[in-house]
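Letter by letter, the sequence shown follows residues 11 to 372 in this note's numbering.
For every residue, glycine included, the Cβ atom is placed at its ideal position computed from N, Cα and C.
Worksheet: the structure to be examined is printed underneath.
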Amino acid sequence: MQLSDSAIDQGVNGPPSERLHTRVVLVFSLFAIAPLVIGAFMSLVLGIWVARTELSGSQARITRMTGGLVSERWRGLVDELRTAAAVIGETAGGDQVALDLLAQHCGACQPIWLTDRAGQIRLSTTAAIDVPPLSTDVLARIGAGEEQVPTMPTFTHTAMLVLVLPVRSGGALVTQIDVSKFVADVLRVVDFDQLGYGYVVDAHGQLIVASLPGAMVSGQDLRELPIVHAALSGQDWVPPYSQVYIGITSQRVAGMWAPVPGTGWFILVERPLIAEGSSNWYFFVVQSLLLLGTIIVAIMIGRQLAATITQPIERLQRGVMRLRAGHWDQPMRVGRRDELGQLAEAFNTMAGDLQLKQIELR
């Protein structure tokens, strides 16, 4: 039975060879892409973990630094007030000048005044009506010539402290310090940048001030926050995952705390996870582009590889179909010297032998 050239071409170029070509492309692509996809995913996870660890380390450093800075500024302020109390009364008529200079230098001191042993005002940087009344305990310390430098503020609309420093002439140098303003001035110096925002609480977990304008009111009880509870309890807060919680802005944050030495206060720095995720966008973009490019290259290489495998097989199939159709005098031409070429040569030899046998039989 003789087959036409069109039938032979249809048998060669039909679905079987196409399925083989597709399989080769698919298998190669899967074997080439799967490890790359897994590697890209692991690289992405590792990159995010490294970035989060670095941010947590930076957050811990900035928190400790800010706590030390607040402590240093507080000690410096108290030392300046002690120095002023020590020199008051040495020069006749110079006390008012000393108070005015001290008020200009200490923006958080509102107001500053001198009292006698009974607590009566002698000199003040403001009108007497603006001087807050003193408690019985403060008056007792003034009468006894004792110093009072508290660190637990009282809260009205802001956190306030009343400092009493005895003077040699009798009485005391008294000042009311706006702790919220004092701490806010220090926080304003710190550049939190991508680390979020900072706030300070006292030893009872009450908010003194936050670096977010209008975020919260001074005196608010924050003991329910996990990180504030950990700070008050002295618990470790180990990065990078154990510090994820709902912060003062009612969103999920990563936080860090540090003590403010010498005050009993705590500085806390929080970073919203939304900001952290947005800072990692380039990881997703780079990995996605690399993965997309890898897939395209793998498919192109797979198609080229499939062509180098299937084209000689198609030629062999075409030759076999011609032999089947009785075309003994048309040798197979594969153009390869590998196993496929040797197979084609064996078919050509077999075709020649069959043709001779057929001639002999005839």
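### Message
Please state the DSSP three-state secondary structure of R372.
### Response
One-based indexing of the sequence shown puts residue 372 at position 362. R372: coil per DSSP, three-state reduction.
### Task
Could you tell me whether the Cβ atoms of L333 and A361 are closer together than 8 Å?
Taking the first residue of the sequence shown as 1, we reach residue 333 at position 323. Taking the first residue of the sequence shown as 1, we reach residue 361 at position 351. Between L333 and A361, the CB-CB gap stays under 8 Å.
### Spatial neighbours of A182 in its chain, beta-carbon cut-off 7 Å, leaving aside the 5 residues before and after
Walking along the sequence shown from the start, residue 182 turns up at place 172. Closer than 7 Å at the Cβ level, and outside the excluded window around A182, lie T125, I152, V174, L175 and P176.
### Query
Can you list, in chain order, the residues of its chain whose CB lies under 8 Å from that of L79, leaving out five sequence neighbours each side?
Here the question's residue 79 lines up with position 69 in the sequence shown. Same-chain partners within the cutoff: V196, V199 and V200.
### Query
Leaving out the 5 sequence neighbours to the left and right, which residues in its chain are closer than 7 Å to L353 when beta-carbon positions are compared?
Indexing the sequence shown from 1 puts residue 353 at position 343. If we look at L353 and ignore the five residues flanking it on each side, its Cβ neighbours are L326.
#### Entry: Inter-residue CB distance, A268 and I277 (contact presumed, cutoff 8 Å)
Working through the sequence shown from its first residue, we reach residue 268 at position 258. Working through the sequence shown from its first residue, we reach residue 277 at position 267. Confirmed, about 5 Å.
### Task
May I ask you to list the residues that DSSP assigns as paired with L278?
For this step, residue 278 is matched to residue 268 along the sequence shown. Answer by DSSP bridge pairing, in chain order: Y209 and W267.
### Message
Beta-carbon within less than 7 Å of V159's beta-carbon, same chain only, minus the 5 sequence neighbours each way: which residues are those?
### Response
Stepping through the sequence shown from its first residue, residue 159 is reached at position 149. Cβ within range, chain order: V88 and L173.
### Query
Going straight from the alpha carbon of V330 to that of F51, what length do you get?
In the sequence shown, residue 330 corresponds to position 320, counting from 1. In the sequence shown, residue 51 corresponds to position 41, counting from 1. About 48 Å.
### Query
So, V219 versus V254, is the Cβ gap smaller than 8 Å?
If you number the sequence shown from 1, residue 219 lands on position 209. If you number the sequence shown from 1, residue 254 lands on position 244. No, the Cβ-Cβ distance between V219 and V254 is not below 8 Å.
### One or two residues paired with Q158 in a DSSP bridge
The sequence position of residue 158 within the sequence shown is 148, counting from 1. Beta-bridge pairing links Q158 to V174.
### Task
Would you mind reading off the limits of the beta strand (DSSP E) that contains A240?
One-based indexing of the sequence shown puts residue 240 at position 230. Unbroken run through A240 is the alpha helix (DSSP H), P236 to S243; no beta strand (DSSP E).
### Message
Assuming Q106 is part of the alpha helix (DSSP H), what are its boundary residues?
### Response
Your numbering for residue 106 matches position 96 in the sequence shown. It spans D105 to H115 - the alpha helix (DSSP H) in which Q106 sits, taken as one unbroken run.
### Message
What does the alpha-carbon distance come out to for the pair I48 and Q314?
### Response
Start at 1 with the first residue of the sequence shown, and residue 48 comes out as number 38. Start at 1 with the first residue of the sequence shown, and residue 314 comes out as number 304. Distance between the alpha carbons of I48 and Q314: 24 Å.
### Query
Under a Cβ-count criterion, where at least 16 other Cβ atoms within 10 Å of its own Cβ denotes burial, should L65 be classed as buried or exposed?
Counted from its first residue, the sequence shown places residue 65 at position 55. It is buried - the Cβ of L65 has at least 16 other Cβ atoms within 10 Å.
### Task
Could you please give the first and the last residue of the uninterrupted beta strand (DSSP E) stretch that includes L133?
Taking the first residue of the sequence shown as position 1, residue 133 is located at position 123. Run containing L133: I131 to S134, per the beta strand (DSSP E) assignment.
### Message
Using 8 Å as the cut-off, can you tell me whether the region 105-120 makes contact with the region 234-247, which would need three or more C-beta pairs spanning the two stretches below that distance?
### Response
no
### Query
Excluding the five sequence neighbours on either side, which residues of its own chain have a C-beta within less than 6 Å of the C-beta of W275, listed in chain order?
Counting from 1 along the sequence shown, the entry for residue 275 is found at position 265. If we look at W275 and ignore the five residues flanking it on each side, its Cβ neighbours are V210 and D212.
### Task
Tell whether a beta-carbon distance below 8 Å holds between Q186 and P143.
Here residue 186 is taken as the residue at index 176 of the sequence shown, counted from 1. Here residue 143 is taken as the residue at index 133 of the sequence shown, counted from 1. Result no, Cβ atoms of Q186 and P143 do not sit closer than 8 Å.
### Message
Which same chain residues end up closer than 6 Å to G129 when comparing Cβ atoms and leaving out the 5 residues on each side of it in sequence?
### Response
For the purposes of this step, residue 129 is taken as residue 119 along the sequence shown, with counting starting at 1. Cβ neighbours of G129 beyond the five flanking positions: L144, L149 and I152.
### Sequence-distant residues of its chain with Cβ nearer than 6 Å to A169 (five each side left out)
Sequence index remark: in the sequence shown, residue 169 carries index 159 (1-based). The answer, listed in chain order, is P163, V189, S190, I218 and S228.
### Task
Have a look at T161 and L242 and give me their C-alpha separation to the nearest angstrom.
Along the sequence shown, one-based indexing puts residue 161 at 151. Along the sequence shown, one-based indexing puts residue 242 at 232. Each residue's alpha carbon lies about 15 Å from the other.
### Task
Check whether the Cβ atoms of M266 and T76 sit closer than 8 Å, and answer yes or no.
One-based indexing of the sequence shown puts residue 266 at position 256. One-based indexing of the sequence shown puts residue 76 at position 66. Cβ distance not < 8 Å, so M266 and T76 don't count as in contact.
### Query
Rounded to a whole number of angstroms, what is the C-alpha to C-alpha distance between R262 and S298?
In the sequence shown, counting from the first residue as 1, residue 262 sits at position 252. In the sequence shown, counting from the first residue as 1, residue 298 sits at position 288. Answer to the nearest angstrom: the Cα atoms are 27 Å apart.
### Query
Which value, in whole angstroms, describes the spacing of the CA atoms of I131 and G272?
Your numbering for residue 131 matches position 121 in the sequence shown. Your numbering for residue 272 matches position 262 in the sequence shown. Looking at the two C-alpha atoms, the distance is approximately 30 Å.
### Task
Counting only the same chain and skipping the five closest in sequence on each side, list residues whose C-beta sits under 8 Å from that of A154.
Reading the sequence shown from its first residue, position 144 is the one you call residue 154. Counting only Cβ-Cβ distances below 8 Å, and skipping sequence neighbours, we find nothing.
### Task
Classify R262 as helix, strand or coil using the three-state DSSP reduction.
Working through the sequence shown from its first residue, we reach residue 262 at position 252. Here R262 carries a strand assignment [DSSP, helix/strand/coil].
### Query
Can you tell me the Cα-Cα spacing of R372 and A44, whole angstroms?
For the purposes of this step, residue 372 is taken as the residue at position 362 of the sequence shown. For the purposes of this step, residue 44 is taken as the residue at position 34 of the sequence shown. One C-alpha to the other measures close to 60 Å.
#### Entry: CA nearest to the CA of S221, picked from P322, P341 and T259
Residue numbering aside, residue 221 sits at position 211 when the sequence shown is read from its first letter. For S221, the nearest C-alpha among the options comes from T259.
#### Entry: Within 8 Å, strictly: CB atoms of G215 and V279
By 1-based counting over the sequence shown, the position of residue 215 is 205. By 1-based counting over the sequence shown, the position of residue 279 is 269. It is not a contact, given that the beta carbons lie outside the stated cut-off.
### Task
May I ask you to list the residues that DSSP assigns as paired with A169?
Within the sequence shown, numbered from 1, the residue matching residue 169 stands at position 159. DSSP lists F165 as partners of A169.
### Query
Given that a residue counts as buried once 16 or more other Cβ atoms are within 10 Å of its Cβ, and exposed if not, what is R328?
Here residue 328 corresponds to residue number 318 of the sequence shown, with the count starting at 1. With a 10 Å radius around the Cβ and a threshold of 16 neighbouring Cβ atoms, R328 comes out buried.
### Query
Is it the case that the Cβ atoms of A108 and A94 are separated by a distance below 8 Å?
Walking along the sequence shown from the start, residue 108 turns up at place 98. Walking along the sequence shown from the start, residue 94 turns up at place 84. A contact, by the Cβ cut-off of 8 Å.
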